[in-house]
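Here is the structure we will look at, set down as C-alpha cells.
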C-alpha cells in the first residue's frame, strides 16, 4: 500500500487543540483525529461526541481519573458511536492493564484497539506474580483471576524500594 492509503488517523496534530481546527484537519485529510491529552474528563469529551466520523478517543485509565470515570466516558462514546482506543502508558504494570480490561469489554465493537499488556516485554519485573501481557499474534490472555481483594491479582512487592499496596 502507498503510505497515503496506510495512514487512517493522526494523533493530536495541533499544539492547542480546538474543535473547529481538528474538524478541519479531519475533513480536509480524510483522517480521523485521535484525541489524547485534549480529553481528560467527561466535560472535555462532550464537544467531540457529535462527530464520531472525525475522531477517535484514546481512553487511558491513568489519564481519565480511574476505572469508574473511564467507564462513564466509555458509555458516552459507545452511545454516540465515537470509536475508542483503550490506551496505556509505556511501561505500565499489569495492575493498569488489568484495570483497562473491563472498559475494553464494555466497549465491545466501539473498542477499535487496545494498547498495553506489554508486561515483561518492557519491564524487568512486574509487581504481580503472573504478568498480564499479550502473546502470539497480539492476543491478550490474562492469567486466571485469584480470589481476593481488588482486581484479583497476586501482587508481589518484595524487592521494591518503597513497597505500596496494589
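In the working numbering, the protein residues as written are 378 to 543. Ideal Cβ positions, reconstructed from N, Cα and C, are used throughout, including at glycine.
Looking at C-alpha atoms only, which residue of 484, 406, 423 is the closest neighbour of residue 462? Taking only the C-alpha atoms, the option nearest residue 462 is 484.
How do the region 446-454 and the region 480-497 stand: do at least 3 beta-carbon pairs fall below 8 Å, yes or no? yes
For residue 463, name the three-state secondary structure that DSSP assigns. strand
Can you tell which of 405, 404, 406, 395 has its C-alpha closest to the C-alpha of residue 412? 395
Helix, strand or coil for residue 409, going by three-state DSSP, please let me know. strand
Taking contact to mean at least 3 C-beta pairs separated by less than 8 Å, is the region 417-429 in contact with the region 381-395? Verdict: no, contact absent.
Taking Cβ positions, are residue 465 and residue 492 nearer each other than 7 Å? yes
In chain order, what residues of the same chain lie with their CB nearer than 7 Å to the CB of residue 540, ignoring the 5 residues before and after it? In this prediction, residue 540 scores a pLDDT of 49, lower than 50, which makes its location untrustworthy; the coordinate-derived value is nonetheless stated afterwards. So the qualifying residues of the chain are 534.
Buried or exposed for residue 503, going by 16 or more other Cβ atoms inside 10 Å? buried
Any idea which residues DSSP pairs residue 420 with across the strands? None, per the DSSP bridge assignment.
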